[in-house]
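A.B. asks:
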Amino acid sequence: MSAGTIGRASGPLVVLDADSTLILEEAIELLAEAAGSLEHVAAVTERAMRGELDFAASLRERVATLAGLADTELAAARDRMTPTPGVHELIAGVHAAGGLVGVVSGGFHELLDPLAERLGLDFCRANRLEVADGRLTGRVDGAVVDAAAKASALVEWADAAGIPLHRTIAVGDGANDLQMLDRAALGVAFCAKPIVRAQADVAIDRPDLSGVLALLGLRG
Ligand SMILES: [Mg+2]
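In my numbering, the protein residues as written are 13 to 232.
The structure is reproduced here in C-alpha cells:
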C-alpha cells in the first residue's frame, strides 16, 4: 500500500471514492447507527454529498456525534460494509492491463483498510478517528481528507507510479469527488448526486463497477 513500493506502471490509474462507490453504504452511518445519531448524520451526509455544505466542517460535526462510542463498534461496522458489485472484476481487469487501483475516502482508515487489503487495492487514503481509552473521542485525527485532498491523492499516486495524468480515471458519487474527477483524464459519476452527474465527463447509473472497464477499453 505504500507508494514507495510501487514501480513504474504501464497501464491506467483508477482512483475510486469509497462510500457509495467502492462500497454500497456510507460508512459513517454504520457508526452513527451504533451511536444513536443515524438520523442526523444521514441528513448531514446527504446535504454534504449534494454540495450544500462544506465537507470538512460537516465531517467534524458528524464525527462529534460518535463521541463515547466503544472502539469495538468499528469491527461491527466493518462487517456490515458491502463491496459494490463488479469491484473484483474491475480491479482484476486493471491489474491485468498493468494498471493500479486506489481508494481515497472522506471516511475512515479504521473501516476501510482491511477491505482495501482484501481487495488488493494499491493505494488507500482516508481520515483517522481519534480514540482514547477504547472510545472514540468524536474528533478526527489530523487534517480532513476533503475534495482538494482527494484530487491531490490522485496526482501523487500517478506520479509515484509513473503514470501520466492522461491515463488516469476517477470514479465517485458525491460533491467531495468533483475536484478529483476534474483532475483525472476521465471523471466518472457513479450512481451519483445531480451536481456530480452534471459536471462529470461520463455517468454510470447501474451499481456495477465493472462498467468502468468498458470506459478504459478493457472490455469488448
Ligand atoms: Mg461517496
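Glycine is no exception: its CB is placed at the ideal position from the N, C-alpha and C atoms.
Computed from a prediction, not measured in an experiment: that's the story for all the values here.
1) Could you give the distance in angstroms between the alpha-carbon of Leu-190 and the alpha-carbon of Glu-101?
2) Please enumerate, following chain order, all residues with a beta carbon closer than 6 Å to at least one heavy atom belonging to ligand 1.
3) Using only the alpha-carbon positions, how far apart do Gly-232 and Val-115 sit?
4) Going straight from the alpha carbon of Ala-210 to that of Ala-108, what length do you get?
5) Can you give me the C-alpha to C-alpha distance between Ser-14 and Phe-135, rounded to a whole angstrom?
6) For Pro-206, count neighbouring C-beta atoms within 10 Å of its own C-beta (all shown protein chains included) and say buried if the count is 16 or more, exposed if not.
7) Taking the alpha helix (DSSP H) that Val-156 belongs to, which residues open and close that run?
8) Helix, strand or coil for Leu-141 per DSSP?
9) For Asp-31, name the three-state secondary structure that DSSP assigns.
10) Taking Cβ to Cβ, would you say Ala-172 is nearer than 7 Å to Val-157?
11) Looking only at C-alpha atoms, which of Leu-28, Leu-141 and Asp-66 sits nearest to Thr-84?
12) Could you spell out the range, first to last residue, of the beta strand (DSSP E) harbouring Thr-180?
C.D. replies: Based on what the coordinates show:
1) Reading the sequence shown from its first residue, position 178 is the one you call residue 190. Reading the sequence shown from its first residue, position 89 is the one you call residue 101. If you take the alpha carbons of Leu-190 and Glu-101, they lie about 25 Å apart.
2) Here the residues come out as Asp-29, Asp-31, Ser-32, Thr-33, Gly-184, Asp-185 and Gly-186.
3) Residue numbering aside, residue 232 sits at position 220 when the sequence shown is read from its first letter. Residue numbering aside, residue 115 sits at position 103 when the sequence shown is read from its first letter. With a pLDDT of 48 at Gly-232, under the threshold of 50, the modelled position of this residue cannot be trusted; read the value that follows with caution. Those two C-alpha atoms are separated by around 25 Å.
4) Against the sequence shown, residue 210 aligns to sequence position 198. Against the sequence shown, residue 108 aligns to sequence position 96. Cα to Cα, the separation comes out at about 32 Å.
5) Sequence index remark: in the sequence shown, residue 14 carries index 2 (1-based). Sequence index remark: in the sequence shown, residue 135 carries index 123 (1-based). With a pLDDT of 48 at Ser-14, under the threshold of 50, the modelled position of this residue cannot be trusted; read the value that follows with caution. Taken atom to atom, the span from the alpha-carbon of Ser-14 to that of Phe-135 is near 7 Å.
6) Here residue 206 corresponds to residue number 194 of the sequence shown, with the count starting at 1. Burial call: exposed.
7) Working through the sequence shown from its first residue, we reach residue 156 at position 144. Taken as a continuous stretch (DSSP letters only), Val-156 belongs to no alpha helix (DSSP H), as it is neither H nor E.
8) Translated into positions along the sequence shown, residue 141 becomes position 129. Reduced to three states, the DSSP call for Leu-141 is strand.
9) Within the sequence shown, the letter at position 19 stands for residue 31. In the structure shown, Asp-31 sits in a strand (DSSP, three-state: E or B).
10) By one-based count along the sequence shown, residue 172 stands at place 160. By one-based count along the sequence shown, residue 157 stands at place 145. For Ala-172 and Val-157, no; Cβs fall outside 7 Å.
11) Position 72 of the sequence shown, counting from 1, holds the residue named residue 84. Thr-84 has its Cα closest to that of Leu-141, out of Leu-28, Leu-141 and Asp-66.
12) The residue you call residue 180 lines up with position 168 of the sequence shown. Looking at the DSSP string, the run of the beta strand (DSSP E) that includes Thr-180 is 180 to 184.
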